[in-house]
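Following: one structure in structure tokens, then a few remarks.
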Amino acid sequence: MFKHLISAALAALLITPAARAEDLKMAVTTSFHNSGLADVLLPAIKDDTGIDVQLLVVGTGQALRLGAAGDVDAILVHAKAAEEAFVAEGNATHRREIMYNDFVIVGPSADPAGTADADKATTALGAIAAAKAPFVSRGDDSGTHKKELSLWAAAGVTPEGQWYRAVGAGMGAALNTASGMNAYILADRASWLNFGNKGDLALLFAGDPVLFNQYAYLPVNPAKHPHVKAELAVELEEWLTSPRAATLIDGYRVAGEQLFTFNAQAAD
Amino acid sequence: MLELWDGLLAAGRLLISFDPDLLEIALRSLQVTGVALIVASLIALPLAALLAVRRFRLRRATIAVLNALMGLPPVVVGLVVYVILSRSGPLGVLGLLFTPTAMIIAQVIIIVPLIASVGHQSLRDLWAEYHDLLLSMNTTQRQRIMTLLWDGRRALLTAALAGFGRGIGEVGAIMIVGGNIDHVTRVMTTAIALETGKGDFALALGLGFVLIALAIMVNLAIHWLSQTERGRRW
Numbered sequence: 001m002f003k004h005l006i007s008a009a010l011a012a013l014l015i016t017p018a019a020r021a022e023d024l025k026m027a028v029t030t031s032f033h034n035s036g037l038a039d040v041l042l043p044a045i046k047d048d049t050g051i052d053v054q055l056l057v058v059g060t061g062q063a064l065r066l067g068a069a070g071d072v073d074a075i076l077v078h079a080k081a082a083e084e085a086f087v088a089e090g091n092a093t094h095r096r097e098i099m100y101n102d103f104v105i106v107g108p109s110a111d112p113a114g115t116a117d118a119d120k121a122t123t124a125l126g127a128i129a130a131a132k133a134p135f136v137s138r139g140d141d142s143g144t145h146k147k148e149l150s151l152w153a154a155a156g157v158t159p160e161g162q163w164y165r166a167v168g169a170g171m172g173a174a175l176n177t178a179s180g181m182n183a184y185i186l187a188d189r190a191s192w193l194n195f196g197n198k199g200d201l202a203l204l205f206a207g208d209p210v211l212f213n214q215y216a217y218l219p220v221n222p223a224k225h226p227h228v229k230a231e232l233a234v235e236l237e238e239w240l241t242s243p244r245a246a247t248l249i250d251g252y253r254v255a256g257e258q259l260f261t262f263n264a265q266a267a268d
Numbered sequence: 001m002l003e004l005w006d007g008l009l010a011a012g013r014l015l016i017s018f019d020p021d022l023l024e025i026a027l028r029s030l031q032v033t034g035v036a037l038i039v040a041s042l043i044a045l046p047l048a049a050l051l052a053v054r055r056f057r058l059r060r061a062t063i064a065v066l067n068a069l070m071g072l073p074p075v076v077v078g079l080v081v082y083v084i085l086s087r088s089g090p091l092g093v094l095g096l097l098f099t100p101t102a103m104i105i106a107q108v109i110i111i112v113p114l115i116a117s118v119g120h121q122s123l124r125d126l127w128a129e130y131h132d133l134l135l136s137m138n139t140t141q142r143q144r145i146m147t148l149l150w151d152g153r154r155a156l157l158t159a160a161l162a163g164f165g166r167g168i169g170e171v172g173a174i175m176i177v178g179g180n181i182d183h184v185t186r187v188m189t190t191a192i193a194l195e196t197g198k199g200d201f202a203l204a205l206g207l208g209f210v211l212i213a214l215a216i217m218v219n220l221a222i223h224w225l226s227q228t229e230r231g232r233r234w
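Which chain is which? The protein sequence lines are A and B, in order.
Each residue of the first sequence is one higher than the last, beginning at 1 in this note's numbering.
Each residue of the second sequence is one higher than the last, beginning at 1 in this note's numbering.
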């Protein structure tokens with residue numbers, strides 16, 4: 001009987017999926033993946049180029065770390081300053097802008113801080129700080145977190161105290177927390193629209209150009225990491241900047257709203 | 001409460017529709033933890049028997065360390081394995097990061113101390129019983145270990161199933177070293193974490209209930225195959 005168990009287990013060992021020739025590992029941000037756009041783009045990429053893109057869904061900070069260590073072949077993130085530093089350190093050959101979406105301020109529908117009447121994003125955040133209304137911060141060094149910190153700095157507020165709660169988690173987990181405590185939060189529009197546990201939260205402020213969120217593609221530098229699939233990464237970049245990608249990205253709708261705007265420039 | 005009900009409904013829907021994605025991740029969960037369990041048992045069970053029959057200088061220290069490591073935090077194991085398997089790490093050339101193999105390695109490290117500790121506890125009692133007999137029969141150390149392992153097999157099965165339980169429900173380590181890549185390294189627990197992140201609690205709970213059912217089925221199947229708890233057997 002024990003022998004049967006062991007032979008059955010050994011049989012299970014041998015059934016391993018065959019390695020695929022054309023697969024490419026790309027680290028992307030949680031906000032990109034939670035938007036659902038990946039589910040539209042990846043099958044199309046597979047059909048057109050034969051590349052099997054394997055997504056590692058992490059925060060921007062971790063995505064950059066994975067790229068710097070050579071553990072992925074390319075990254076798609078949204079934190080311009082960190083990306084430029086990444087290229088300057090020789091971790092990626094270049095940075096290519098693909099598309100943008102925007103950040104929104106979400107909060108309790110009663111809006112105790114009055115953010116809905118604000119004319120600028122910084123004014124809205126200032127109102128939250130002044131009212132000491134609970135605010136959930138990603139606190140995970142992600143692109144969204146970096147954006148939030150830059151907005152606080154622009155608003156001239158040092159966010160600290162009981163009302164400011166850094167959860168150190170991804171967009172979805174942070175939204176769950178905000179929903180649970182009925183707190184304000186800065187989220188990207190895509191994650192917000194796709195989020196299934198809204199509770200009493202509502203979209204209160206959006207539209208300030210400072211909230212635009214540029215996504216860029218960075219292929220990992222093959223000079224630094226010879227094992228990366230540089231040719232596939234180039235092929236993927238060509239696809240992502242192609243008219244076909246533009247149609248799919250601009251045409252992606254959630255609840256009738258366009259989430260992303262394609263803005264890649266043609267190669268020089 | 002309503003969400004628990006939604007979760008049960010989601011679990012029912014997933015099972016009735018025989019969702020192919022669900023089948024894939026469930027099989028991968030079983031494969032990763034199953035292989036990890038075999039490898040860990042091959043390491044831990046002889047170690048447990050050796051600790052029972054042999055007296056050596058660091059024996060007590062080894063047992064104490066193994067006991068302490070039963071509580072090894074998976075996320076730390078994941079991080080250490082990640083750093084070692086990373087392209088910039090010492091074993092980076094193997095290219096194992098973000099593969100099921102990396103997940104198996106991490107789970108082996110997590111469950112070896114558990115199986116060895118629990119296994120050693122039961123073999124120690126058995127050894128106290130067998131000690132005089134086996135010594136008087138002038139057995140070799142190898143024979144003593146094999147005797148203990150065979151006669152203690154039912155207690156060791158419990159130790160192995162405890163290891164299986166810790167592995168199949170674990171998410172911290174495999175999330176880091178596996179990366180939760182769809183169709184490559186996504187398993188039940190990382191899928192649950194993903195759906196929770198999307199705020200889809202019903203689907204996350206549904207997957208959770210399926211995972212619990214899976215663990216129960218595996219345990220029942222192993223008990224049935226090894227015919228424990230039957231009349232006139234112990």
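We put the beta carbon where it would ideally sit given N, CA and C, even for glycine.
These numbers were taken from a predicted model, which means no experiment stands behind them.
With a threshold of 8 angstroms between beta carbons, residue 144 (chain A) makes no contact with chain B. Where residue 29 (chain A) is concerned, the enclosing beta strand (DSSP E) starts and stops at 23-29. Between the alpha carbons of residue 226 (chain A) and residue 76 (chain B) lies a gap of roughly 29 angstroms. In this structure residue 72 (chain A) is in contact with residue 25 (chain A), their Cβ atoms being roughly 4 angstroms apart against a cut-off of 8 angstroms. DSSP places residue 185 (chain A) within a strand segment (E or B) once states are collapsed to three. Assigned with DSSP and collapsed to three states, residue 190 (chain B) falls in helix. Assignment of beta-bridge partners to residue 123 (chain A) by DSSP yields no partner. Secondary structure at residue 170 (chain B): coil, using DSSP grouped into helix, strand and coil. For residue 162 (chain B) and residue 184 (chain A), the gap between their C-alpha atoms comes out near 43 angstroms. Ranked by how close their Cα comes to the Cα of residue 34 (chain B), the residues B:223, B:224, B:225, B:218 have B:218 in first place. Look at the segment 103-140 of chain B and you find no whole run of alpha helix (DSSP H) that is 4 residues long or longer.
For a cut-off of 8 angstroms, the C-beta gap from residue 78 (chain B) to residue 165 (chain B) is around 18 angstroms, too long to register as a contact. The C-beta of residue 227 (chain A) comes closer than 8 angstroms to at least one C-beta of chain B. CA-to-CA, the gap between residue 182 (chain B) and residue 55 (chain A) works out to about 7 angstroms. Its chain contains 40, 43, 44 as the residues whose beta carbon lies nearer than 6 angstroms to that of residue 112 (chain B), once the 5 sequence neighbours on both sides are disregarded; these appear in chain order. Nearest CB-CB separation between residue 32 (chain A) and chain B: not below the 8 angstroms threshold. Scanning chain A for C-beta atoms nearer than 7 angstroms to the C-beta of residue 179 (chain B) yields 56, reported in chain order. Residue B:110 holds the alpha-carbon nearest to the alpha-carbon of residue 67 (chain B) among B:28, B:110, B:31.
Excluding the 5 residues flanking it on each side, residue 157 (chain A) has same chain C-beta neighbours closer than 8 angstroms at 125, 126, 129, in chain order.
Ranked by Cα distance from residue 53 (chain B), the first of B:192, B:119, B:144 is B:144. Under the three-pair Cβ rule at 8 angstroms, the segment 90-102 of chain A counts as touching the segment 217-233 of chain A.
Setting aside the 5 residues that flank it on each side, residue 208 (chain B) is surrounded in the same chain by 192, each with a C-beta closer than 6 angstroms to its C-beta; the list follows chain order. By alpha-carbon distance to residue 176 (chain B), the top candidate from A:59, A:215, A:45 is A:59. With contacts defined by Cβ atoms closer than 8 angstroms, residue 36 (chain B) and residue 108 (chain B) form a contacting pair. Within the DSSP secondary-structure output, residue 97 (chain A) pairs in a beta bridge with A:216. The beta carbon of residue 195 (chain A) sits closer than 6 angstroms to the beta carbons of 175 from its chain, once the five residues preceding and following it are set aside; these are given in chain order. Taking 8 angstroms as the cut-off, the Cβ atoms of residue 102 (chain A) and residue 213 (chain A) count as close. Interface criterion met: the Cβ of residue 195 (chain A) is under 8 angstroms from a Cβ in chain B. Taking a cut-off of 8 angstroms on C-beta distances, the segment 199-207 of chain B does not touch the segment 136-154 of chain B, as fewer than three cross pairs fall below it.
DSSP places residue 105 (chain A) within a strand segment (E or B) once states are collapsed to three. Going by DSSP, residue 52 (chain A) is part of the beta strand (DSSP E) stretching over 52-58. Taking a 10 Å sphere around the C-beta of residue 261 (chain A), we find fewer than 16 other C-beta atoms and assign the residue as exposed.
Chain-order list of chain A residues neighbouring residue 86 (chain B): 66, 69, 70, 71, by C-beta distance under 9 angstroms.
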